[in-house]
């Protein structure tokens, strides 16, 4: 049992950390190119093209959500669309610059591409519905921006926690019994939604080794795809964090729209996997 645990930790680490390093290097150079002034110029007048660009910027931005929350209220006073600003924050939570690299290493290139498309599409639909919403950001003024390497260090720590947790799940959950429940697409989808709602792994990359463990235990593609696509937003802690910033009514509306869209994309894209 201990050998299986250590072997799983090593396998997951080798599948994740090289890609995490590549993503960190890309993020380092992007941070020098992408700054608040670059991003905030897209938050004024809205068009479908600009809305899509906002979602892409949110998905690839190496900046932390916490670096924007302290100035969110000021941005809306300057004329930035508050609904689109909220969808940008959701995009930062749903996907990370390292996501594509890590998911490619764990599940393959096709899986990573479909996951990115599914999340982008769901975010864009959410942004369309939110673009006319009045959102009031309630932000703690003591929040400050963390440095790049401090954020990456925290990211590395949480990925390590995710690797260990994923290895524990892979080692100690009976594979045959798990397959009995999660081997069916519908049941695996429901299991992943419940697990994703209750469990919080910090930044989104903490979810990936856990998703790999679920897949290794026999969960269907629909279940793991839902865990990577729907669960990053439909999570109790994430709902609480956003609710404290913009109110629960706006948060639940935004997350409901995203979850419905992401569920549809999960059903559509998990079929050819």
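Residue numbers (this note's numbering): -10 to 262.
Ideal placement from N, C-alpha and C gives every residue a C-beta, glycine not left out.
{"Check": "Go through its chain and collect everything with a Cβ distance to residue 118's Cβ below 7 Å, but skip five positions before and after it.", "Outcome": "246"}
{"Check": "Which same chain residues end up closer than 7 Å to residue 226 when comparing Cβ atoms and leaving out the 5 residues on each side of it in sequence?", "Outcome": "189"}
{"Check": "Please name the residue, chosen from 213, 114, 18 and 220, that lies closest to residue 49 on a Cα-to-Cα basis.", "Outcome": "18"}
{"Check": "Along the alpha helix (DSSP H) that carries residue 122, what are the first and last residues, could you check?", "Outcome": "Element bounds for residue 122: n/a, residue is neither H nor E."}
{"Check": "Measure the Cβ-Cβ separation of residue 211 and residue 177 and say whether it is below 8 Å.", "Outcome": "yes"}
{"Check": "Are there three or more Cβ pairs, one per stretch, closer than 8 Å when the region 177 to 186 is compared with the region 70 to 84?", "Outcome": "no"}
{"Check": "Use the C-beta contact count for residue 201: other C-beta atoms within 10 angstroms, 16 or more gives buried, fewer gives exposed.", "Outcome": "buried"}
{"Check": "When burial is assigned at 16 or more other CB atoms within 10 Å of the CB, is residue 146 buried or exposed?", "Outcome": "exposed"}
{"Check": "Closer than 8 Å is the cut-off here; do at least three beta carbon pairs connect the region 100 to 115 with the region 148 to 155?", "Outcome": "no"}
{"Check": "Find out if the Cβ-Cβ distance for the pair residue 83, residue 221 is shorter than 8 Å.", "Outcome": "yes"}
{"Check": "Would you say residue 209 and residue 104 are within 8 Å of each other, going by their C-beta atoms?", "Outcome": "no"}
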